[in-house]
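Colleague:
2 protein chains.
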Amino acid sequence: MRIEELDTPALVINLDALEENLKRYHGYFEKHGIGFRPHIKTHKTLAVAHMQLKYGAIGLTCQKLGEAEVLAAGGIQTDLLVPYNVMGARKLDRLTALAKRLPVTLAPDSEFTVRGLSEATASEGVSIGILIEVEMGFERTGVPTPREATELAKLVHDLPGLELRGFMGFPTPPDSRPIIQETIDLFDRAGLPRDVVSGGGTPHALDAHEIPELTEYRAGEYPVGGAMHLAEGRHTLEQCALRVITTVVSRPTRERMFLDAGSKALSASIYKTERGDSMGHIVEYPDALIGIASEEHGHVDISRCAVKPEIGERVQVLPVHPCPCVNEHDVMVAARNGMVEATWPVHARGRIR
Amino acid sequence: MRIEELDTPALVINLDALEENLKRYHGYFEKHGIGFRPHIKTHKTLAVAHMQLKYGAIGLTCQKLGEAEVLAAGGIQTDLLVPYNVMGARKLDRLTALAKRLPVTLAPDSEFTVRGLSEATASEGVSIGILIEVEMGFERTGVPTPREATELAKLVHDLPGLELRGFMGFPTPPDSRPIIQETIDLFDRAGLPRDVVSGGGTPHALDAHEIPELTEYRAGEYPVGGAMHLAEGRHTLEQCALRVITTVVSRPTRERMFLDAGSKALSASIYKTERGDSMGHIVEYPDALIGIASEEHGHVDISRCAVKPEIGERVQVLPVHPCPCVNEHDVMVAARNGMVEATWPVHARGRIR
Numbered sequence: 003m004r005i006e007e008l009d010t011p012a013l014v015i016n017l018d019a020l021e022e023n024l025k026r027y028h029g030y031f032e033k034h035g036i037g038f039r040p041h042i043k044t045h046k047t048l049a050v051a052h053m054q055l056k057y058g059a060i061g062l063t064c065q066k067l068g069e070a071e072v073l074a075a076g077g078i079q080t081d082l083l084v085p086y087n088v089m090g091a092r093k094l095d096r097l098t099a100l101a102k103r104l105p106v107t108l109a110p111d112s113e114f115t116v117r118g119l120s121e122a123t124a125s126e127g128v129s130i131g132i133l134i135e136v137e138m139g140f141e142r143t144g145v146p147t148p149r150e151a152t153e154l155a156k157l158v159h160d161l162p163g164l165e166l167r168g169f170m171g172f173p174t175p176p177d178s179r180p181i182i183q184e185t186i187d188l189f190d191r192a193g194l195p196r197d198v199v200s201g202g203g204t205p206h207a208l209d210a211h212e213i214p215e216l217t218e219y220r221a222g223e224y225p226v227g228g229a230m231h232l233a234e235g236r237h238t239l240e241q242c243a244l245r246v247i248t249t250v251v252s253r254p255t256r257e258r259m260f261l262d263a264g265s266k267a268l269s270a271s272i273y274k275t276e277r278g279d280s281m282g283h284i285v286e287y288p289d290a291l292i293g294i295a296s297e298e299h300g301h302v303d304i305s306r307c308a309v310k311p312e313i314g315e316r317v318q319v320l321p322v323h324p325c326p327c328v329n330e331h332d333v334m335v336a337a338r339n340g341m342v343e344a345t346w347p348v349h350a351r352g353r354i355r
Numbered sequence: 003m004r005i006e007e008l009d010t011p012a013l014v015i016n017l018d019a020l021e022e023n024l025k026r027y028h029g030y031f032e033k034h035g036i037g038f039r040p041h042i043k044t045h046k047t048l049a050v051a052h053m054q055l056k057y058g059a060i061g062l063t064c065q066k067l068g069e070a071e072v073l074a075a076g077g078i079q080t081d082l083l084v085p086y087n088v089m090g091a092r093k094l095d096r097l098t099a100l101a102k103r104l105p106v107t108l109a110p111d112s113e114f115t116v117r118g119l120s121e122a123t124a125s126e127g128v129s130i131g132i133l134i135e136v137e138m139g140f141e142r143t144g145v146p147t148p149r150e151a152t153e154l155a156k157l158v159h160d161l162p163g164l165e166l167r168g169f170m171g172f173p174t175p176p177d178s179r180p181i182i183q184e185t186i187d188l189f190d191r192a193g194l195p196r197d198v199v200s201g202g203g204t205p206h207a208l209d210a211h212e213i214p215e216l217t218e219y220r221a222g223e224y225p226v227g228g229a230m231h232l233a234e235g236r237h238t239l240e241q242c243a244l245r246v247i248t249t250v251v252s253r254p255t256r257e258r259m260f261l262d263a264g265s266k267a268l269s270a271s272i273y274k275t276e277r278g279d280s281m282g283h284i285v286e287y288p289d290a291l292i293g294i295a296s297e298e299h300g301h302v303d304i305s306r307c308a309v310k311p312e313i314g315e316r317v318q319v320l321p322v323h324p325c326p327c328v329n330e331h332d333v334m335v336a337a338r339n340g341m342v343e344a345t346w347p348v349h350a351r352g353r354i355r
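In the order they appear, the protein sequences are chains A and B.
With the first sequence counted from 1, adding 2 to any position gets you our numbering.
With the second sequence counted from 1, adding 2 to any position gets you our numbering.
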């Protein structure tokens, strides 16, 4: 079947672009001797997870236990990093069950989380790895300072059921190196193991060698790119593998048109541009601006387009953030040279717990 | 089971609040003699659709064919309004199949859509109702002027397979009355049927009587409210029936904390407040601001909270827009007085085609 025959809106991944991105990024990490542990949160599909391992990933990262369970049930046999504060009786039960099947490492940032993990794993007779999450100055999760992170690491080192493996941060642009170096120094002075020093984030993935202390790196969006990566020059248009195919269903005036892809197909994520909020980049009409998306319509300003799209015409949209866009879809169509090669279930869609 | 035993994040609907909202809004329309045709796009569940009919709805509205198919397959026997420009061979096939089972009315805004609908329905020997969508001055879909809308209505009136029933607009606040009156006048002069004059939108639902020309009204969010409705005084906190139950999983400093509900549980929708973007209202900590949501974390500024939430604590979040929030969830837990009464599949989730 040709892509043109797919009903719209449809999420399509270009296999040539996907494979080129995998080759490029995995090749970079191999060249620099940094272990690459891709995040599956962007594609959420078993097919791509298996490809990432085939291209040399040392393991995988996922953000919620539910995603890890999908991988384990889908034939993935590797060690998993779940950089989350897993807590509560139900999730701890699921965690210990998972840890009996695959090596699992978590990344807590508080004594509360750590004590819960230790009690659950010790009582079940399993062990999980721990990376302390250290905050890199972006006001995200993570222990706020290297000194406090080291204190939490000491506690982990002393508690049963937990194996301290090192620490991680997110994101880790080159200028986060001093925080990483300070943490290493404090770990070393305290005699704490730190086999793993893990950085993350697609925007600075190809700068990872500028922090030679990193032993591992995590990235999620690199296989597919997206409107922000295009705008910031990290992916060319051809390297942006993920597109929502959509139809112009209304064009009331020469200034505005409506696509049959709204927030339920693109996600409600916004990318701020100099012309205002954008909810995606239209490949065929780069001067058009999807400024608003109601649930079932993309609202597009076409006033700057010299040639105006016609009702019934199909266009391709690069999502702003590929991760939440993929999460809106039950399936992803894999295509090459305009032909459908496979229809992949988005297995980990909606795994919020 | 008590709500406190649900694993988080979880989408919960309070049945007392739901029933009170249904009673209040359906009672209003009954009192004013306006037919009420609720939109199912907010709740997306068969259980609530059946309740809306029980509370006196004259029919239902849904936004995509896929939603209409879910209703038809779920025992709903009423006439459906699908205010969308349905086009393309595959969707037209599905439309004519649906029209053989239930009375269906569409709301096109272009000759392109209308001719496609006529060809498909006439060739299958079925008839569908048509409301012309007229633009109400909000730069949305709809024929831009009453005069052009009347021209399109004449075409519909002449084409086989289509039954012109009137026109609709969205949204229809009281000051849209002149556009509605002008359209009625033009329809009447052209001798066109207009049994249905349909307005829509929860924000002005209880003002519908200020446009006495309206014969029908559509609203989606009224059964559940949400953070915007609370802020704008339409729903009290108690009337906001839909909440995401979530756990504080990280609190690195006294200024910020992180919930286990991010865009995958709340949606990426933003509500602009005087303090900046908000992605939901925390019931227990109204001074907290969920300013950002990554996929699995709500990032919360708690600097203004006199009492600080603790790690492990559970809080309730009112979503900004209930519709995209519900679309992130596979199930909705129905509760009363803190006890779970039912777990409802979100049957129409993800029906983007």
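Ideal Cβ positions, reconstructed from N, Cα and C, are used throughout, including at glycine.
Can the beta-carbon of P176 (chain B) be found less than 8 angstroms from the beta-carbon of D209 (chain B)?
Modeller: To locate residue 176 (chain B), count along the second sequence from 1; it is residue 174. To locate residue 209 (chain B), count along the second sequence from 1; it is residue 207. Against a cut-off of 8 angstroms, the Cβ pair of D209 (chain B) and P176 (chain B) comes out as a contact.
Colleague: Look at the alpha carbon of K102 (chain A) and the alpha carbon of V128 (chain A), and state the distance between them as a whole number of angstroms.
Modeller: Locating residue 102 (chain A) in the first sequence gives position 100, where the first residue counts as 1. Locating residue 128 (chain A) in the first sequence gives position 126, where the first residue counts as 1. Roughly 7 angstroms between the two C-alpha positions.
Colleague: Pull up the distance between the alpha-carbon of Y27 (chain B) and that of Y224 (chain B), whole angstroms please.
Modeller: On the second sequence, position 25 is the one that residue 27 (chain B) refers to. On the second sequence, position 222 is the one that residue 224 (chain B) refers to. Rounded to the nearest angstrom, the two C-alpha atoms are 7 angstroms apart.
Colleague: Considering only C-alpha positions, which residue in the set B:R245, B:I134, B:M3 and B:F260 is nearest to A229 (chain B)?
Modeller: Within the second sequence, the letter at position 227 stands for residue 229 (chain B). Closest option to A229 (chain B), Cα to Cα, is B:R245.
Colleague: By the 10 Å Cβ neighbour count, where 16 or more other Cβ atoms means buried, how is G282 (chain A) classified, buried or exposed?
Modeller: For the purposes of this step, residue 282 (chain A) is identified with residue 280 of the first sequence, where counting begins at 1. G282 (chain A) is buried by the Cβ-count criterion.
Colleague: Check for me: the beta strand (DSSP E) holding T115 (chain A) runs from which residue to which?
Modeller: Here residue 115 (chain A) is taken as the residue at index 113 of the first sequence, counted from 1. From DSSP, T115 (chain A) is part of no beta strand (DSSP E) but of the alpha helix (DSSP H) over E113 to E126.
Colleague: Counting only beta-carbon atoms, is A114 (chain A) nearer than 8 angstroms to chain B?
Modeller: Start at 1 with the first residue of the first sequence, and residue 114 (chain A) comes out as number 112. The question names Ala, but residue 114 (chain A) in the sequence shown is Phe. Chain B, which has a Cβ nearer than 8 angstroms to the Cβ of F114 (chain A), makes this yes.
Colleague: What do you get for K274 (chain B), buried or exposed, if any count of 16 or more other CB atoms within 10 angstroms of its CB means buried?
Modeller: Walking along the second sequence from the start, residue 274 (chain B) turns up at place 272. Exposed, by the Cβ-count rule.
Colleague: Does any C-beta atom of chain B lie closer than 8 angstroms to the C-beta of A109 (chain A)?
Modeller: Counting from one through the first sequence, the residue named residue 109 (chain A) turns up at place 107. No, no contact with chain B.
Colleague: Can you find a C-beta in chain B that's less than 8 angstroms from the C-beta of F169 (chain A)?
Modeller: Here residue 169 (chain A) refers to the residue found at position 167 when the first sequence is read from its first residue. False, the Cβ-Cβ gap to chain B never drops below 8 angstroms.
Colleague: Which partner residues does Y30 (chain B) have in the DSSP bridge list?
Modeller: In the second sequence, residue 30 (chain B) corresponds to position 28, counting from 1. Bridge partners of Y30 (chain B): none, in fact.
Colleague: Nearest to N16 (chain B) by CA position, among B:T152, B:P40 and B:W346, is which residue?
Modeller: Residue 16 (chain B) sits at position 14 when you count from the first residue of the second sequence. Of B:T152, B:P40 and B:W346, the residue nearest in Cα terms is B:W346.
Colleague: Going by C-alpha distance, which of B:L108, B:G352 and B:V250 is nearest G171 (chain B)?
Modeller: If you number the second sequence from 1, residue 171 (chain B) lands on position 169. The shortest Cα separation from G171 (chain B) among B:L108, B:G352 and B:V250 belongs to B:L108.
Colleague: What number of angstroms, rounded off, separates the C-alpha of R256 (chain B) from the C-alpha of D190 (chain A)?
Modeller: Within the second sequence, numbered from 1, the residue matching residue 256 (chain B) stands at position 254. Within the first sequence, numbered from 1, the residue matching residue 190 (chain A) stands at position 188. So the alpha carbons of these two residues sit roughly 29 angstroms apart.
Colleague: Shorter than 8 angstroms from the beta carbon of E137 (chain A) to some beta carbon of chain B?
Modeller: The count along the first sequence starts at 1 and reaches residue 137 (chain A) at position 135. Interface residue, yes.
Colleague: With 8 angstroms as the limit, tell me which residues of the stretch 45-75 of chain A have their beta carbon closer than that to any beta carbon of chain C; keep them in chain order.
Modeller: Among the protein chains of the structure shown, namely A and B, there is no chain C.
Colleague: Helix, strand or coil: which one does DSSP assign to R306 (chain A)?
Modeller: Looking up residue 306 (chain A) in the first sequence gives position 304. The answer is coil: DSSP assigns R306 (chain A) none of H, G, I, E or B.
Colleague: In terms of DSSP beta bridges, what is M259 (chain A) paired with?
Modeller: The count along the first sequence starts at 1 and reaches residue 259 (chain A) at position 257. According to DSSP, which records beta bridges pairwise, M259 (chain A) is partnered with A:V302.
Colleague: What does DSSP give as the partner residues of Y219 (chain A) in its beta bridges?
Modeller: Position 217 of the first sequence, counting from 1, holds the residue named residue 219 (chain A). BP columns for Y219 (chain A) point to A:F38 and A:G201.
Colleague: Beta carbons nearer than 8 angstroms to chain A: which residues of the stretch 82-104 of chain B have them?
Modeller: Flagged, chain order: Y86, N87, M89, G90, R92 and K93.
Colleague: Run through DSSP, which three-state label would M53 (chain B) get?
Modeller: Residue mapping note: residue 53 (chain B) aligns to position 51 of the second sequence, counting from 1. Three-state DSSP puts M53 (chain B) in a helix.
Colleague: Tell me the rounded alpha-carbon separation between G68 (chain B) and A350 (chain B).
Modeller: For this step, residue 68 (chain B) is matched to residue 66 along the second sequence. For this step, residue 350 (chain B) is matched to residue 348 along the second sequence. So the alpha carbons of these two residues sit roughly 7 angstroms apart.
Colleague: What residues from chain B crowd round S120 (chain A), counting only those whose CB sits closer than 9 angstroms?
Modeller: As a first step, residue 120 (chain A) must be located in the first sequence, where it is residue number 118. Chain B residues near S120 (chain A): none, gap ~15 angstroms exceeds 9 angstroms.
Colleague: Taking C-beta pairs closer than 8 angstroms, name the residues in chain B that P148 (chain A) reaches, listed in chain order.
Modeller: Indexing the first sequence from 1 puts residue 148 (chain A) at position 146. Those within 8 angstroms of P148 (chain A) in chain B number zero; the least Cβ separation is about 13 angstroms.
Colleague: Establish whether the CB of G144 (chain B) and some CB of chain A are separated by less than 8 angstroms.
Modeller: For this step, residue 144 (chain B) is matched to residue 142 along the second sequence. Yes, contact with chain A.
Colleague: Please say whether L82 (chain B) and V50 (chain B) have beta carbons closer to each other than 8 angstroms?
Modeller: Locating residue 50 (chain B) in the second sequence gives position 48, counting from the first residue. Locating residue 82 (chain B) in the second sequence gives position 80, counting from the first residue. Taking 8 angstroms as the Cβ cut-off, V50 (chain B) and L82 (chain B) do not qualify as a contacting pair.
Colleague: What's the gap between the Cα of A337 (chain B) and the Cα of G202 (chain A)?
Modeller: The residue labelled residue 337 (chain B) in the question sits at position 335 within the second sequence. The residue labelled residue 202 (chain A) in the question sits at position 200 within the first sequence. A337 (chain B) and G202 (chain A): Cα-Cα distance of roughly 40 angstroms.
Colleague: Would you grab the beta carbon distance between I284 (chain B) and V309 (chain B) for me? Rounded to a whole angstrom, and I think it's under 8 angstroms.
Modeller: The residue you call residue 284 (chain B) lines up with position 282 of the second sequence. The residue you call residue 309 (chain B) lines up with position 307 of the second sequence. That belief does not hold up - the Cβ atoms of I284 (chain B) and V309 (chain B) are roughly 12 angstroms apart, past 8 angstroms.
Colleague: Taking any Cβ of chain B, which residues in the stretch 250-272 of chain A have a Cβ under 9 angstroms from it, in chain order?
Modeller: Going along the stretch 250-272 of chain A in chain order, one finds V251, S252, R253, P254, T255, E257, R258, F260, D262, A263, G264, S265, K266, A267, S269, A270, S271 and I272 with a Cβ nearer than 9 angstroms to chain B.
Colleague: Kindly list the residues whose CB is nearer than 7 angstroms to the CB of D279 (chain A), restricted to its own chain and excluding five residues on each side of it in sequence; keep chain order.
Modeller: Position 277 of the first sequence, counting from 1, holds the residue named residue 279 (chain A). Excluding positions up to five away in sequence, the list reads I272 and G293.
Colleague: Along chain B, which residues have their Cβ under 7 angstroms away from the Cβ of G202 (chain A)?
Modeller: Position 200 of the first sequence, counting from 1, holds the residue named residue 202 (chain A). Ordered by position in chain B, no residue passes the 7 angstroms Cβ test against G202 (chain A), which lies about 12 angstroms from the chain.
Colleague: Per DSSP, what kind of secondary structure is F189 (chain B) in: helix, strand or coil?
Modeller: Along the second sequence, read from residue 1 onward, the residue named residue 189 (chain B) stands at position 187. DSSP places F189 (chain B) in helix when its eight states are reduced to three.
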